[in-house]
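Novice: Handing you this structure, nothing more for now.
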Amino acid sequence: MSTDVEDKDLGELHQDLIRAFERIRGLADNAELLGVHRGATAHDAQFLRVSLEAQLESVRNLELIMPIVAPMKAGKSTLVNAIVGYQLLPARANPMTTLPTKIVLVEGMDLNKPQLYLPESLRRLFQTLETQVRAVMLARWPVPREHGYLDELATLLKADALAPLQEWYEGTAEVHAVLARLNDEMRLAALAIGDEDFLGGVRELPELRTGHVHSFAAGAGTGGRLVIIDTPGPNEYAIAARLGPALERQLAESHVVLVVLDYTQMGGEAAADIRNRLGRHLEIIGTSRLYAVVNKVDARKTKDDLSKADTREAVRHSLGLTAEQADRQLFEAVANWGLLGSRVLAEIDAAGERFAPSDSEAARSVLRELYPLDDDEELTERLAETDTESLRIDARRFLRKSHVAELVDTAIARLRRGAAPAVMSAGIKRFEAAAGELAELIALERSAADRGSEIVAQQLAALESEIALLQGHRDARPSPEQLQRRFQAELTTFVRELEGHGQHIIRMLEVGREQQHEASGGWEPVRAIRRGLTGLFDKLFHDKPQSDEHSFPTEDGANRFKDQLAGAVTEQLHQLLDVARYHFEKRVGRLTATIVAEQESKVRELIERAAETLSSAFDVKLQPPPPAVVNGKLSSRLEGARARTTTHEQEVETIERRRVWYKLWIGKRDVKVKTKKTVSVTTYVVSRSDVMRQLSAAFSTQVKGMEVQLTRYVGTTLSAELSAYYQGLDDYLKRYHGALTRSQRAGERDEAQQRERRDALTKLEASLQQELDGLLEYRERLPQTPE
């Protein structure tokens, strides 16, 4: 009974909030008619209106907004498809997600007819993007070789052969084609036009509406509609550096965030990278709203692989979760299995008795996973022999072992059951901010009007001077090339030290150097690494001669010994890379702090003067995220052992039947005869110096990769942050410049018009304050969001 009462109270609060939000949106419309809006242009007012409408729609439908954040190739799109239950997002080998996409799960919608909606502002943005990229292409800009998959799109853009984007698309094929085009165009623009932040200019996301297979068991009282935000990977330097407001806005307005991690990349360095990859976004969302799925756990096959408990602890510590939060918020999955199982079951249910396994590509995919050694002909024969019921059993087994159903039935269902309070709370925050900002702008304009036209003109002139001065600082900010030059000395020193430590570890394989682990200078953890390697070498060489080459009678034995050598050294090199990353990030942090301080010191006086003029605090800070250095995997698989064949003369005894004298007569008998013959012996040789050479080359390649990543960090992330910082300053000043300009224009009207405008502003300000007081009361009526 109490639950029914609570649901009734929550339902009444829901309707009250909808009406309050509609009133505030109406007041924002009135403010726009009076020329009062947040930005310097009417376009900014339109953005506020669109943003409030989106938030109101979210509250109306009790949408549970869940961005999914993942490094590249972690299986994020596959997991989304597994949650939905069919191939909604296109799957391909090349990177896909560049543009954040809103995915709305609609109950009862036909799975074969997903709908893609492209807002007008987004279509205008892409029209501008295509025009500018076309100009770059006509100027003979080449698509980078590593992004060759964009060649066809670049050719079509250059020839102006792409069809104009439409508002609506329907059907899986159309949706896949348009999503691929949008994401590839955004990626191409990020590569071709480094200074133009198209991604940061995204105001409204494409919206993909789809049915789904799973029920989610939300419950009637407080259940909400699930909305997934598919986001680009934070470790994509060419893209993530430009995400800026688009991703931060989605994370800040979300109710829960799902992080997807790749189990196959969960080595010693991967877990520590998670926090860096998310950067300050982790501060925005908080740990109580952070869920994580470790995907591809089917790669855990032996006791030497990272266990479930170890994986859980690594992720828990990296994300800063408590043990209790980890029990509720960490999951493992095999998304591909979940998708395969869901697809087959959905096809069987849809076709009924007409279902034929031999005609189903989903069924073929299931059997291909079950029988990886089968070729296409063998799979076809197996499909022909498979009946629907046995296929259904296999599909259910895939779904069960994928753990996707567990994620859906527990985490997502639990979150949806508590969605209503969370969604309404987020709506209150958003409308409070909008109403408070409008009230502040109105107060500023009324204050300016009270000061008189002469004072307003002086303040406006002073503000215009500050804006011009800011533009000068903005134009003089360090270019990516200048930033790279400042980092180059530090980077060169780091690479030289790292190479030296790595080569010293590798040279411990030299004959007679196994015990020479103590070297002067260097990082303290490196000396511990060398001491650890000495113990391993003691075991490997205790029965071996002091020689560069070691011979084995069999190839398997030689390769096993070689892999043991390479594996021992590779493990220590991985530890070295972890230590190196830590040390270099500290150095980068110090240098970044210096650059930040330099830029802030240039504009500090300007900010203080503007704040004093406007009697308002300035809250824009420059906080670049730390560099996310991904060490990757250093291969310990080297070339096979060398075969060596030797020959020598060997005396052997043979039995021959010869004619011999035997008691005065000649007869035949067997006799022993000693002869010499050439014998060939093949042995398999493992050379320490050869192993060292190959490891040295592999390590140098890995260090070079780290150097490239750090160069990209300087050239993209830090540079983009400086641009965003100055854009924030510019927006701030122009926002109040607009308010003063409107006040000045109002002062040019006749007295009756000025009085009418002042009265309208006073009435509007009072209405906004009344709504703000009402939102405080609504907040007190909200139940606590279930954990």
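Under my numbering, the first residue of the sequence shown is numbered 196, with each subsequent residue one higher.
In this text, a Cβ means the ideal position worked out from N, Cα and C, and glycines have one as well.
Since the structure is predicted, the reported quantities are computational estimates derived from the model, not experimental observations.
(1) So, for Leu-208: in the same chain, excluding its five sequence neighbours on each side, which residues have a beta-carbon less than 8 Å away from its beta-carbon?
(2) Along the alpha helix (DSSP H) that carries Asp-425, what are the first and last residues, could you check?
(3) Leaving aside the five residues before and after Val-886 along the sequence, list all residues of the same chain whose C-beta is less than 7 Å from its C-beta, in chain order.
(4) Does DSSP put Leu-438 in a helix, a strand or coil?
(5) Between which two residues does the beta strand (DSSP E) carrying Ile-263 extend?
(6) Can you name the start and end residues of the beta strand (DSSP E) that Asn-987 belongs to?
(7) Ignore the nearest five residues each way along the sequence and tell me which others in Ser-914's own chain have a CB closer than 7 Å to its CB.
(8) On the three-state DSSP scale, how would you describe Arg-340?
(9) On the DSSP letters alone, give me the boundaries of the beta strand (DSSP E) that Asp-457 sits inside.
(10) Give the range of the alpha helix (DSSP H) segment to which Lys-929 is assigned.
(11) For Glu-548, count neighbouring C-beta atoms within 10 Å of its own C-beta (all shown protein chains included) and say buried if the count is 16 or more, exposed if not.
(12) Going by beta-carbon coordinates alone, are Pro-427 and Thr-292 separated by less than 7 Å?
(13) Check whether the Cβ of Val-331 lies closer than 6 Å to any heavy atom of the ligand MN, and answer yes or no.
(14) Throw me the rounded Cβ distance for the Leu-959 and Asn-225 pair, which I believe falls under 8 Å.
(15) For the alpha helix (DSSP H) containing Leu-562, list its first residue and its last residue.
(16) Label Val-903 either buried or exposed according to how many other C-beta atoms from any shown protein chain fall within 10 Å of its C-beta, with 16 as the threshold for buried.
(17) With DSSP run on the structure shown, which of helix, strand or coil describes Thr-296?
(18) Taking the beta strand (DSSP E) that Ser-746 belongs to, which residues open and close that run?
(19) First and last residue of the beta strand (DSSP E) that includes Glu-302?
(20) Closer than 7 Å by C-beta to Leu-768: which residues in its own chain qualify, once you throw out the five before and the five after it? Chain order, please.
(21) For the alpha helix (DSSP H) that contains Leu-403, what are its first and last residues?
(22) For the beta strand (DSSP E) that Phe-526 lies in, which residues bound it at each end?
(23) Is DSSP giving Lys-869 helix, strand or coil here?
(24) Mind reading off the beta-carbon distance from Thr-583 to Ile-543? Whole number of angstroms is fine, and I expect it under 8 Å.
(25) Report the rounded CA-to-CA distance for Glu-302 versus Val-370, giving the unit in angstroms.
(26) To which residues of the same chain is Val-881 closer than 6 Å at the C-beta, ignoring the five residues directly before and after it?
(27) Would you call the region 348-360 and the region 255-270 touching, i.e. three or more CB-CB distances under 8 Å?
(28) Give the secondary structure of Gln-710 by DSSP, where H, G and I count as helix, E and B as strand, and everything else as coil.
(29) Could you please give me the residues that DSSP links to Leu-311 through a beta bridge?
(30) Say whether the region 523-532 touches the region 489-496, bearing in mind that this needs 3 or more beta-carbon pairs closer than 8 Å, one atom from each stretch.
(31) Using the C-alpha atoms, what's the distance from Gln-282 back to Arg-559?
(32) Would you say Gly-969 and Ala-334 are within 7 Å of each other, going by their C-beta atoms?
(33) Are the beta-carbon atoms of Ser-316 and Arg-398 separated by less than 7 Å?
(34) Which same chain residues end up closer than 7 Å to Leu-935 when comparing Cβ atoms and leaving out the 5 residues on each side of it in sequence?
(35) Just how far apart, CA to CA, sit Glu-846 and Lys-872?
(36) Where DSSP assigns a beta bridge to Ile-850, which residues make up the other side?
Specialist: The answer reads as follows:
(1) Taking the first residue of the sequence shown as position 1, residue 208 is located at position 13. Cβ neighbours of Leu-208 beyond the five flanking positions: Met-619, Tyr-973, Arg-976 and Leu-977.
(2) Sequence index remark: in the sequence shown, residue 425 carries index 230 (1-based). Not the alpha helix (DSSP H): Asp-425 falls in the beta strand (DSSP E), residues 420-425.
(3) Sequence index remark: in the sequence shown, residue 886 carries index 691 (1-based). Once the five neighbours on either side are set aside, the close Cβ partners of Val-886 are Leu-704, Lys-757, Leu-760, Ala-761 and Leu-833.
(4) Residue numbering aside, residue 438 sits at position 243 when the sequence shown is read from its first letter. Reliability of the predicted coordinates at Leu-438 is poor, the pLDDT of 49 falling under 50, and the value obtained from them is presented with this limitation in mind. Here Leu-438 sits in coil by DSSP.
(5) Along the sequence shown, read from residue 1 onward, the residue named residue 263 stands at position 68. 258-264 is the extent of the beta strand (DSSP E) around Ile-263.
(6) Because the chain here runs from 196 to 982, residue 987 falls outside it and cannot be looked at.
(7) As a working note, residue 914 is residue 719 in the sequence shown. So the list reads Pro-675 and Leu-678, once near-sequence residues are dropped.
(8) Residue numbering aside, residue 340 sits at position 145 when the sequence shown is read from its first letter. Three-state result, Arg-340: helix.
(9) Here residue 457 refers to the residue found at position 262 of the sequence shown. Here the beta strand (DSSP E) through Asp-457 covers 452-457.
(10) For the purposes of this step, residue 929 is taken as the residue at position 734 of the sequence shown. Taken as a continuous stretch (DSSP letters only), the alpha helix (DSSP H) holding Lys-929 covers 914-942.
(11) Numbered from 1 along the sequence shown, position 353 holds the residue referred to as residue 548. So Glu-548 ends up on the exposed side.
(12) The residue given as residue 427 occupies position 232 in the sequence shown. The residue given as residue 292 occupies position 97 in the sequence shown. Yes, Cβ-Cβ distance for Pro-427 and Thr-292 is below 7 Å.
(13) This structure lacks the ligand MN; in fact it carries no ligand of any kind.
(14) The residue labelled residue 959 in the question sits at position 764 within the sequence shown. The residue labelled residue 225 in the question sits at position 30 within the sequence shown. Right, the Cβ-Cβ distance comes to about 6 Å (below 8 Å), so this counts as a contact.
(15) Working through the sequence shown from its first residue, we reach residue 562 at position 367. Where Leu-562 is concerned, the enclosing alpha helix (DSSP H) stretches over 556-565.
(16) Sequence index remark: in the sequence shown, residue 903 carries index 708 (1-based). Exposed.
(17) The residue you call residue 296 lines up with position 101 of the sequence shown. Residue state, collapsed to three classes: strand.
(18) As a position in the sequence shown, residue 746 is number 551, starting the count at 1. Unbroken beta strand (DSSP E) run through Ser-746: 744-747.
(19) Position 107 of the sequence shown, counted from the first residue, corresponds to residue 302. Here Glu-302 belongs to no beta strand (DSSP E), and DSSP marks it neither H nor E.
(20) Against the sequence shown, residue 768 aligns to sequence position 573. Here the set comprises Gly-697, Ile-700, Leu-829 and Phe-894.
(21) Counting from 1 along the sequence shown, the entry for residue 403 is found at position 208. Segment 402-405 is the beta strand (DSSP E) holding Leu-403; no alpha helix (DSSP H) there.
(22) Numbered from 1 along the sequence shown, position 331 holds the residue referred to as residue 526. Run containing Phe-526: 525-527, per the beta strand (DSSP E) assignment.
(23) Looking up residue 869 in the sequence shown gives position 674. Looking at Lys-869 - three-state DSSP - the assignment turns out to be strand.
(24) As a position in the sequence shown, residue 583 is number 388, starting the count at 1. As a position in the sequence shown, residue 543 is number 348, starting the count at 1. Indeed, because the Cβ distance is near 6 Å, the residues count as touching under 8 Å.
(25) As a working note, residue 302 is residue 107 in the sequence shown. As a working note, residue 370 is residue 175 in the sequence shown. Answer to the nearest angstrom: the Cα atoms are 19 Å apart.
(26) The residue labelled residue 881 in the question sits at position 686 within the sequence shown. Once the five neighbours on either side are set aside, the close Cβ partners of Val-881 are His-745, Ala-753, Phe-756, Lys-757 and Ala-836.
(27) no
(28) The residue labelled residue 710 in the question sits at position 515 within the sequence shown. For Gln-710, the pLDDT reaches just 48, beneath the cut-off of 50, and the residue's location in the model is therefore unreliable, although a value from the coordinates is still provided. Coil.
(29) The residue given as residue 311 occupies position 116 in the sequence shown. Paired residue(s): Tyr-364 and Leu-403.
(30) yes
(31) The residue given as residue 559 occupies position 364 in the sequence shown. The residue given as residue 282 occupies position 87 in the sequence shown. If you take the alpha carbons of Arg-559 and Gln-282, they lie about 15 Å apart.
(32) Taking the sequence shown and counting its residues from 1, one reaches residue 969 at position 774. Taking the sequence shown and counting its residues from 1, one reaches residue 334 at position 139. No, Cβ-Cβ distance for Gly-969 and Ala-334 is not below 7 Å.
(33) As a position in the sequence shown, residue 316 is number 121, starting the count at 1. As a position in the sequence shown, residue 398 is number 203, starting the count at 1. For Ser-316 and Arg-398, yes; Cβs fall inside 7 Å.
(34) As a working mapping, residue 935 is identified with position 740 in the sequence shown. Closer than 7 Å at Cβ, skipping near neighbours: Ala-643, Val-651, Gln-654, Leu-655 and Leu-658.
(35) Start at 1 with the first residue of the sequence shown, and residue 846 comes out as number 651. Start at 1 with the first residue of the sequence shown, and residue 872 comes out as number 677. Cα-Cα distance, rounded: 7 Å.
(36) Counting from one through the sequence shown, the residue named residue 850 turns up at place 655. Note: Ile-850 sits in a beta bridge opposite Lys-867.
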